[in-house]
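Asker: Protein chains in written order, with UniProt numbering: chain A, 1 to 550; chain B, 1 to 550. A virtual CB, placed ideally from N, CA and C, is assigned to each residue, including glycine. Given the structure is predicted, the values throughout are model-derived calculations rather than measurements.
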């Protein structure tokens, strides 16, 4: 058996090592275009910023190790230029020597990844317009970031954009981020990501939303001018373009291997392409979304590694299959964390999938133990059976933990009722006797059981909904510090004495700071015959949403 | 409907609040023996040590709040002395005034918790022998710990014992811990908890295992002498006894309500006792273990709260049921964390349940990102179908996260194969593209698939197993720094060239530092016809186990 693998990072490296473990006798050739196989690509921004000091640390599996330990025929600087399916061979170009040769295969695995999208903007090919995909890119950015430059513009506020922003600030560079969407970190829902946006501002990063670069111009001195769609222009020492990636599937396209509309190679659940002797794994593929069952392109390291294993398994007759990608993701931004799993609200809307949602704003651990910090957890679920469809969490501590727990719940097709019953670690420095996971489960289950109908801040803001009586059940002090316009304040503690003052012929929206007192108020009101609902996430959610209109 | 609740902490308070949310008209009486309902009992050790500075913070739900917000008739310092089932009333003694009265009920909820076990040791009633259950205890301990004393002896190395040890050290007190078992923190398996034991020693805490107190004697001065079983005696300023708790079920026993052998009140899955009008929740009950389905007593705050909700639900005709307790627990000890969920290995043995186990020793996040710290994860699973039976994790960071994830997996009856496919948060500061959860899944699945038979350090140590050829596949440098006695060193990288030197008629145990190279070696050897197995957890596991014999 001779296996040729095109691309030696994440998915390709995993496939190669797995194949060797399954078969000592197989001939395994890894053709990597770059200088290094299996480097730590997720670490590149931190190398630029100096958090990772040693470049060597990024080389997690050097060529020698792959050769000696796994007896892989690893060839770096080796670019595959063509797949000849009829002859079952690939054409290879040695980028060092210029030599061209062919390499035959029994099975081929395409693991070419995805490359940063570079739109055809005038001047984008300037040496001052950088991208960050591989070590060579990182070396360039590291050099410029440590050369005493003062200003950088980052085009694109996705994962890489945010991580680069943080790391350039660490180098003392003044950073402006330009993002076409109306929010940073587009995979998250907009209202969830606003605390991160605010936090960026507090760290001195300027964020321009709904804005894009239309031109880059090197100035007479050492600078670069970035022209924006709005007419505005920005002066900087360099720019970084990070507006997403595209599957690097041209080899497959040229070989008439089927690709999806987004350019990803179409694979079955054994990672086979339309040619059963050719597999594809990682960011170059189009995968199935585990929740919506629709085709998606989600470039993630974990799934790439799993897919590599599965391709190798299938080649050696094993039945392991890929269950689809959930889209579990996390990003750190100046000490804050945003994490998510499953579908976002906007994706649910795009797929026309029915859903309900709730928000909770608990602290990461017991409030009476020092260091407790607020976090916000959004849960999206099926409005009929309560199956969890997605979750997002933003805060300082304990964010990845909650999303990992819900990621498992989604994998097991669990419901919001299961979250009520989750039995998680509790000591005051780690969580709550009623963990945020349980809280989210309680609230969501209460909605489905009809105990606690919820309203959302968007409902409150909408014109059609102006007929609703808005009841603030917080204390007088909290109310006077700020409240939703037109709300009436009756603190929860005296609500029962003031029921007569409430309209019996009008729906009531009750709210408090985060939703807990609003829930109790809703229970009191409904049991007394009022048509009441609780504003999910309360004033905290409202404040966040209302930033939109500023 | 009139509901009387005996005990106003955790389970009792949850039941009361839930009952109110379900029924505005119910009469709800909460009879609490102590001065405060719903105090933060898990915070008490940290109040003693000063991490929680303000005593007020421990009063999470003051009486006024429960009265005003939930309209609960909360009566503190009110001890129930008798349950009269025939008349459906309880006898109450007002501990302030001495008044005695009866209170009728339609439904009664017993939430009296568990009290520290005080064995009949001579001198145990000395005012210098403390325990830590409620605020009054905490006040006493706080007073003595801040009075300039120098030495304390803690009898019992369970959760409370460990937390008190840490907090007394924070007060500058010299601490000796005496524990009857051969390990601290008995719920964990011994080899897992050894890093914590070592860490305690590094913090200056002396731990005496296999030892117990048989007498306390106040000395002439201000001191206390603790006589130990071994004949040794310890001098201290005070002692703390924390050798476990007993369900405070005497009220139920006296009323002929059925209790289990451990003293816990027997309940059905709606938390009803043998008298259908009487419920019991929290630490006073005997619950069903979710994994073994056997009766257990596990005093935990989360389950107590859930049970309180369920009892209230059932009283109002709702069908929610308790699924059993998993035993998810966490404890922090001087910055290290031990967490577990499901059954331990020793419990599996006690229940005669078949199991397999594996160990992994990864870092909490990517090694190339600063701050990565090692952790150890032990996974216990069904040897046939791979259903997860339990897990334990010990380390500095990310420990509670991994156990929470596995707690969800156990709740969903997931298998080790599901852990392989878990899609968890990954960025280098949070985890790995192959998270420790995935790694554990890979290793365990490899065992079940026969790809990677494992041996355990106990097997290596056993006499019957001395016929095994012990192969160390680490580097020469690692080998010379220390290895398992009688092992032969052939580094993985050159293993294929040295196969001829290995015995073909003898089973081979391969090991490396943590198990990964041992796995690759096992694959190479098995494919070349050798009867090889990998030592799970490698030399790291061996070093930990071999501490036993020191």
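1) Based on the DSSP secondary-structure assignment, which residues constitute the bridge partners of residue 489/B?
2) Am I right that residue 287/B and residue 325/B are in contact with their C-beta atoms under 8 Å? What's the rounded C-beta distance?
3) Applying a beta-carbon distance threshold of less than 9 Å, which residues of chain B neighbour residue 553/A?
4) DSSP has residue 93/B in a bridge; who is on the other side?
5) Write down every uninterrupted run of the beta strand (DSSP E) in the segment 314 to 353 of chain A whose length is 3 residues or greater and which is fully enclosed by it, in chain order.
6) Would you verify that the beta carbon of residue 428/A is, or is not, closer than 9 Å to some beta carbon of chain B?
7) For chain B, find out if any of its Cβ atoms is closer than 9 Å to the Cβ of residue 107/A; answer yes or no.
8) Quick one: residues in its chain with C-beta nearer than 8 Å to the C-beta of residue 344/B, no 5 flanking neighbours on either side, listed in chain order?
9) Using a Cβ-Cβ cutoff of 7 Å, what residues of the segment 274 to 286 of chain B are near chain A? List them in chain order.
10) Chain A partners of residue 528/B, CB-CB under 7 Å?
11) Considering only residues of the segment 193 to 226 of chain B, which uninterrupted beta strand (DSSP E) runs meet the minimum length of 3 residues and lie entirely inside it, listed in chain order?
12) Would residue 370/B count as contacting chain A if we go by Cβ distances under 9 Å?
13) Compile a chain-ordered list of the residues in the segment 399 to 417 of chain B whose CB is closer than 7 Å to at least one CB of chain A.
14) Going by DSSP in three states, residue 381/A sits in which element: helix, strand or coil?
15) List the whole-angstrom C-beta distance separating residue 40/A from residue 284/A, where the pair is believed to meet the contact cut-off of C-beta under 8 Å.
16) Excluding the 5 residues preceding and the 5 following residue 163/B in the sequence, name in chain order all residues of the same chain whose CB lies nearer than 6 Å to its CB.
17) Mind checking whether residue 337/B and residue 385/B have CB atoms under 9 Å apart?
18) Among 319/A, 148/A, 269/A, which has the Cα closest to the Cα of residue 236/A?
19) Run through the DSSP bridge pairs and tell me what residue 417/B is partnered with.
20) If you draw a straight line from the alpha carbon of residue 434/A to that of residue 65/B, how long is it in whole angstroms?
21) Name the chain B residues that come within less than 7 Å of residue 293/A, Cβ to Cβ?
22) Residues in its own chain within less than 6 Å of residue 468/A by CB, not counting five upstream and five downstream?
23) Just the Cα atoms here: how many angstroms apart are residue 332/A and residue 427/B?
24) Would you mind sorting residue 131/A into buried or exposed? The rule is 16 or more other CB atoms within 10 Å of its CB.
25) Taking the straight line between their C-alpha atoms, what separation do you get for residue 53/B and residue 371/A?
26) Out of 264/B, 240/B, 107/B, which has the shortest C-alpha to C-alpha gap to residue 250/B?
27) Can you give the Cα-Cα distance for residue 563/B and residue 355/B, rounded to whole angstroms?
28) How far does the beta strand (DSSP E) with residue 12/B in it reach, from first residue to last?
29) For residue 100/B, collect the residues of the same chain with a Cβ closer than 6 Å to its Cβ; drop the 5 residues on either side in sequence, then sort them by chain order.
30) Just to confirm, is the Cβ distance from residue 431/B to residue 366/B under 9 Å?
31) Taking 8 Å as the threshold, find out whether the segment 80 to 92 of chain A comes into contact with the segment 206 to 224 of chain A through three or more Cβ pairs.
32) Can you give me, in chain order, the residues of the segment 142 to 176 of chain A that have a beta carbon less than 9 Å from any beta carbon in chain B?
33) On the DSSP letters alone, give me the boundaries of the alpha helix (DSSP H) that residue 522/A sits inside.
34) Looking at the unbroken alpha helix (DSSP H) that takes in residue 69/A, where does it start and where does it end?
35) Any beta carbon of chain A sitting closer than 9 Å to that of residue 348/B?
36) Leaving out five residues on either side along the sequence, give the residues of the same chain with a beta carbon under 6 Å from the beta carbon of residue 210/A.
Answerer: Let me spell this out:
1) The residue you call residue 489/B lines up with position 489 of the second chain. Answer by DSSP bridge pairing, in chain order: 472/B.
2) As a working note, residue 287/B is residue 287 in the second chain. As a working note, residue 325/B is residue 325 in the second chain. With 8 Å as the limit, residue 287/B and residue 325/B qualify as a contact, their Cβ atoms being about 5 Å apart.
3) Missing from the structure shown is residue 553/A; chain A here goes from 1 to 550 and no further.
4) Locating residue 93/B in the second chain gives position 93, where the first residue counts as 1. Looking at the DSSP assignment, residue 93/B forms a beta bridge with 79/B, 100/B.
5) 329 to 333, 336 to 342
6) Within the first chain, residue 428/A is the residue found at index 428, counting from 1. Judged by the 9 Å Cβ criterion, residue 428/A is in contact with chain B.
7) Position 107 of the first chain holds residue 107/A. With 9 Å as the cut-off, residue 107/A does not count as an interface residue toward chain B.
8) Counting from 1 along the second chain, the entry for residue 344/B is found at position 344. So the list reads 187, 188, 189, 380, 390, 392, once near-sequence residues are dropped.
9) none
10) Translated into positions along the second chain, residue 528/B becomes position 528. Ordered by position in chain A, the residues that pass the 7 Å Cβ test against residue 528/B are 24.
11) 206 to 209, 213 to 218
12) Reading the second chain from its first residue, position 370 is the one you call residue 370/B. It does; some Cβ of chain A falls within 9 Å.
13) 400, 401, 403, 404, 405, 407, 408, 409, 411, 412, 414
14) The sequence position of residue 381/A within the first chain is 381, counting from 1. Looking at residue 381/A - three-state DSSP - the assignment turns out to be strand.
15) On the first chain, residue 40/A is found 40 positions in, with the first residue counted as 1. On the first chain, residue 284/A is found 284 positions in, with the first residue counted as 1. With 8 Å as the limit, residue 40/A and residue 284/A do not qualify as a contact, their Cβ atoms being about 19 Å apart.
16) If you number the second chain from 1, residue 163/B lands on position 163. Closer than 6 Å at Cβ, skipping near neighbours: 45.
17) Your numbering for residue 337/B matches position 337 in the second chain. Your numbering for residue 385/B matches position 385 in the second chain. It is not a contact, given that the beta carbons lie outside the stated cut-off.
18) The residue given as residue 236/A occupies position 236 in the first chain. Checking every option, the nearest Cα to that of residue 236/A belongs to 148/A.
19) Start at 1 with the first residue of the second chain, and residue 417/B comes out as number 417. The partner list for residue 417/B (beta bridge, DSSP) is empty, contrary to what the question assumes.
20) Working through the first chain from its first residue, we reach residue 434/A at position 434. Working through the second chain from its first residue, we reach residue 65/B at position 65. Spanning the two alpha carbons is a distance of roughly 19 Å.
21) On the first chain, position 293 is the one that residue 293/A refers to. Near residue 293/A there are no residues of chain B at all, since even the closest Cβ is about 15 Å away, more than 7 Å.
22) Translated into the one-based positions of the first chain, residue 468/A becomes position 468. Excluding residues within five positions, the ones whose Cβ falls inside 6 Å are 507, 509.
23) Your numbering for residue 332/A matches position 332 in the first chain. Your numbering for residue 427/B matches position 427 in the second chain. Rounded to whole angstroms, residue 332/A to residue 427/B spans 8 Å at the Cα level.
24) Along the first chain, read from residue 1 onward, the residue named residue 131/A stands at position 131. Looking at its Cβ environment, which holds 16 or more other Cβ atoms inside 10 Å, residue 131/A is buried.
25) Here residue 53/B refers to the residue found at position 53 of the second chain. Here residue 371/A refers to the residue found at position 371 of the first chain. About 12 Å.
26) Here residue 250/B refers to the residue found at position 250 of the second chain. Nearest option by C-alpha distance: 264/B.
27) An answer regarding residue 563/B cannot be provided, because it is not within the stretch 1 to 550 covered by chain B.
28) Residue numbering aside, residue 12/B sits at position 12 when the second chain is read from its first letter. Where residue 12/B is concerned, there is no enclosing beta strand (DSSP E), although the alpha helix (DSSP H) it sits in stretches over 10 to 22.
29) For the purposes of this step, residue 100/B is taken as the residue at position 100 of the second chain. For residue 100/B, where only same-chain residues beyond five positions count, the Cβ hits under 6 Å are 93.
30) Working through the second chain from its first residue, we reach residue 431/B at position 431. Working through the second chain from its first residue, we reach residue 366/B at position 366. Going by C-beta atoms, residue 431/B is nearer than 9 Å to residue 366/B.
31) no
32) 159, 163
33) Along the first chain, read from residue 1 onward, the residue named residue 522/A stands at position 522. From DSSP, the alpha helix (DSSP H) with residue 522/A extends over 516 to 527.
34) Here the question's residue 69/A lines up with position 69 in the first chain. Segment 63 to 70, the alpha helix (DSSP H) holding residue 69/A.
35) The residue you call residue 348/B lines up with position 348 of the second chain. Cβ-Cβ to chain A under 9 Å: no for residue 348/B.
36) As a working mapping, residue 210/A is identified with position 210 in the first chain. Answer for residue 210/A: 182, listed in chain order.
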